[in-house]
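143 is the number that the UniProt record's numbering gives to position 143 of the sequence shown; each next residue is one higher, with no gaps.
Beta carbons are placed, not taken as given, at the ideal position from N, Cα and C, and that holds for glycine.
Please read all numbers here as calculations on a predicted model, not as lab measurements.
What follows is a set of notes on a single structure, which appears directly below.
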Amino acid sequence: MKIETLVAGGGLSGLFLARLLDAAGHSYLLVEARDRFGGRILTHAPDGLAQGKGYDLGPTWFWPHQPRILGLTGQLGLRVFEQHSAGLLVLEEADGSVRRDLDFSTMQGSLRLDGGIGRLIEKIAGGLPEDRLALKTRLSDVVRGTSKLIVKLDRGEGRVDTVECSRIVLCIPPRLIPQVISFEPALDPGVLAAMDAIPTWMAGHAKLVALYDRPFWKEAGLSGDGISRRGPLVEIHDASPPEGGPHALFGFLGIPAAMRNLPAEEIKEASRVQLERMFGPAAGQPIGIMLKDWAYDPLTATQADRQPLFEHPSYGLPEPLRKIWGGELMIASSEAAREHGGYLEGALEAAEAAFRQIAEVERV
Numbered sequence: 001m002k003i004e005t006l007v008a009g010g011g012l013s014g015l016f017l018a019r020l021l022d023a024a025g026h027s028y029l030l031v032e033a034r035d036r037f038g039g040r041i042l043t044h045a046p047d048g049l050a051q052g053k054g055y056d057l058g059p060t061w062f063w064p065h066q067p068r069i070l071g072l073t074g075q076l077g078l079r080v081f082e083q084h085s086a087g088l089l090v091l092e093e094a095d096g097s098v099r100r101d102l103d104f105s106t107m108q109g110s111l112r113l114d115g116g117i118g119r120l121i122e123k124i125a126g127g128l129p130e131d132r133l134a135l136k137t138r139l140s141d142v143v144r145g146t147s148k149l150i151v152k153l154d155r156g157e158g159r160v161d162t163v164e165c166s167r168i169v170l171c172i173p174p175r176l177i178p179q180v181i182s183f184e185p186a187l188d189p190g191v192l193a194a195m196d197a198i199p200t201w202m203a204g205h206a207k208l209v210a211l212y213d214r215p216f217w218k219e220a221g222l223s224g225d226g227i228s229r230r231g232p233l234v235e236i237h238d239a240s241p242p243e244g245g246p247h248a249l250f251g252f253l254g255i256p257a258a259m260r261n262l263p264a265e266e267i268k269e270a271s272r273v274q275l276e277r278m279f280g281p282a283a284g285q286p287i288g289i290m291l292k293d294w295a296y297d298p299l300t301a302t303q304a305d306r307q308p309l310f311e312h313p314s315y316g317l318p319e320p321l322r323k324i325w326g327g328e329l330m331i332a333s334s335e336a337a338r339e340h341g342g343y344l345e346g347a348l349e350a351a352e353a354a355f356r357q358i359a360e361v362e363r364v
C-alpha cells in the first residue's frame, strides 16, 4: 500500500488532521492502536443509558476563548453548555473538618458537551471514509528509505502490513514515541532527549465519577465543587448532564501515581466514604462508580509521567522536534501546540499546524 501521509494516533488531533486531509483530497491513512478512537478522550456510557449520553473519564472542559473547538462543535451540531457552578463550595481540611459555606466556584465559565467529549470524537470519525481508518493497528517500525518511509503496521495476531508513505504525523504523546516505535536509522540523541522532556498533560492523573439518581447537592444549595486536603479525591465537580440523569460528581485522585498501588475497588470505596463526609449521607449511596487511572495506561503514559506536575508546562515543539528527518516525521499531539498545549484546543491547534506544513509541500 502506498499513501502520502500516515497519521499515527486516533485521538482528537489525529482525527482532526484526517478531517482536514480528507477535505483537501489528500492521500492518507490513520492508524490507532486501541480498539476505539479518542486517545485520552474517553466517555463512558453505563449500561442502560440513552444513546448519545455518557460521562467523561478523560478531559471534559473547554473555554469560550478557544475558537477552534467552539467552531468545530458548531459545525458538527453538538450542544455546548456551561459547567454547573451555582451554589456553595465544600472544603474538607486535613483533620476531616468540613465547611459548606464558601461562595465561589473553581470552574465557573468553563464549557462542556452534552453527552460528553466523546461525542466530538464520534462525529469526526463518523464523517471519515472507513477505508482511511484502522483501529487495533499499531505503528511498530519505521525505516527511512532513499525516497519513501517504509512502515510496518502491527494488526495483532501475527498480522503485519507494510506501507510506503512520504511522511508520518505522530499524533501521540512525544514521550511515548520512542517507547512504542522502532526507527531506522535511530533518532538522534537530541531528538530523543527533547521527546522525553515533554510531560504528557494529565497522564499522571486518575479520575473517578460517582453516579446518583438525584442531584442532592443542588437541592442543598451546593454547586458540586469540592476541595479536600484529606483525600483521596482532592478536587471535585458536578459532572451531570444538562438535563435529566443520572446525576454525577467527579473527582481527581490526589494520591501520586507512583504510590497508587491500591486495588481499584479500595480506591472507589475510600472515595465513596469521602464524598459522604463532604456532601452528606446521600453521597454515600451512588448507583455506580467509574474509575480511570491514566498513569497506568500504556498507550498514554510513561514511567516519567507518574511524577506529579505542579504547574502547566510550557508546551510547543522545541527546535530538535520541528524538522525530524527533514520534515518526514512530524509531531502533532496536543503537547505540540504552543498557545493551547495540553488542552482540547491544543489538539486542534497542533493538527492545523501539521496540515499547513503538509499543504506547503504538497500544495493540497
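query: Whole-angstrom distance between A282 and A134, CA atom to CA atom; result: 44 Å
query: DSSP beta-bridge partners of H247; result: Y212
query: Three-state class that DSSP yields for K218 in the structure shown; result: helix
query: Straight-line gap, A124 to D47 (C-alpha atoms, nearest Å); result: Reading the sequence as shown, one finds Ile at residue 124 and not Ala. Each residue's alpha carbon lies about 24 Å from the other.
query: Selection from S105, V90, E92, G96 that minimises the alpha carbon distance to E82; result: S105
query: Rounded distance between the beta-carbons of S334 and S27, thought under 8 Å; result: Not a contact, Cβ separation roughly 25 Å.
query: Ordered list of alpha helix (DSSP H) runs contained in the region 264–316, each at least 4 residues; result: 264–279
query: First through last residue of the alpha helix (DSSP H) which encompasses R68; result: 67–75
query: Classification of K2 by the beta-carbon crowding that lies within 10 angstroms, buried from 16 upward; result: exposed
query: Top-ranked residue by Cα proximity to E184, from G10, G346, L329; result: L329
query: CA-to-CA distance, V142 to L72, given in whole angstroms; result: 33 Å
query: Close Cβ partners of A86 (< 7 Å) along its chain, the five nearest in sequence each way excluded; result: S223
query: Counted within 10 angstroms of its Cβ, other Cβ atoms place H84 as buried (16 or more) or exposed; result: buried
query: Local Cβ density within 10 Å of E360, reported as buried at 16 or more and exposed below that; result: exposed
query: Residue(s) in a DSSP beta bridge with R159; result: G156
query: Nearest-angstrom Cα separation, counted from H247 out to E32; result: 32 Å
query: Residue nearest to G54 in terms of C-alpha spacing, selected from G115, P286, E311, L233; result: G115
query: K207 in three-state terms, based on DSSP; result: strand
query: Same chain only: Cβ atoms within 6 Å of A206, ignoring 5 sequence neighbours per side; result: L253, D293
query: Bridge-paired residues (DSSP) for F104; result: Answer is none; F104 lacks a bridge partner.
query: Residue burial classification, H237 (beta-carbon count within 10 angstroms, cutoff 16); result: buried
query: Pair within 8 Å by beta-carbon distance, D154 and V160; result: yes
query: Boundaries (first-last residue) of the alpha helix (DSSP H) holding S140; result: Per DSSP, S140 belongs to no alpha helix (DSSP H); it is in the beta strand (DSSP E), 138–144.
query: Collapsed DSSP secondary structure at M202 in the structure displayed; result: coil
query: Where P298 falls, given that 16 or more other Cβ within 10 Å makes a residue buried; result: exposed
query: Helix, strand or coil at L42 according to DSSP, with G and I counted as helix; result: coil
query: Distance, L120 Cα to G52 Cα; result: 11 Å
query: Touching by the beta-carbon criterion (3+ pairs, under 8 Å), the region 336–347 and the region 305–318; result: yes
query: Cutoff 7 Å; reference L17; Cβ partners in own chain excluding five residues on either side; result: V7, V169, C171, A332, A351, A354, F355
query: Cutoff 8 Å: L15 Cβ touching any chain C Cβ; result: Protein chain content of the structure displayed is limited to a single chain, and chain C is not contained in it.
query: Candidates A45, E130, P64, L70: closest to L30 by CA position; result: E130
query: M278 versus G39 - alpha carbon distance; result: 32 Å
query: Opening and closing residue of the alpha helix (DSSP H) in which F16 lies; result: 12–23
query: Distance, I227 Cα to P241 Cα; result: 22 Å
query: Any 3 or more C-beta pairs closer than 8 Å across the region 194–210 and the region 171–182; result: yes
query: For L348, three-class secondary structure by DSSP; result: helix
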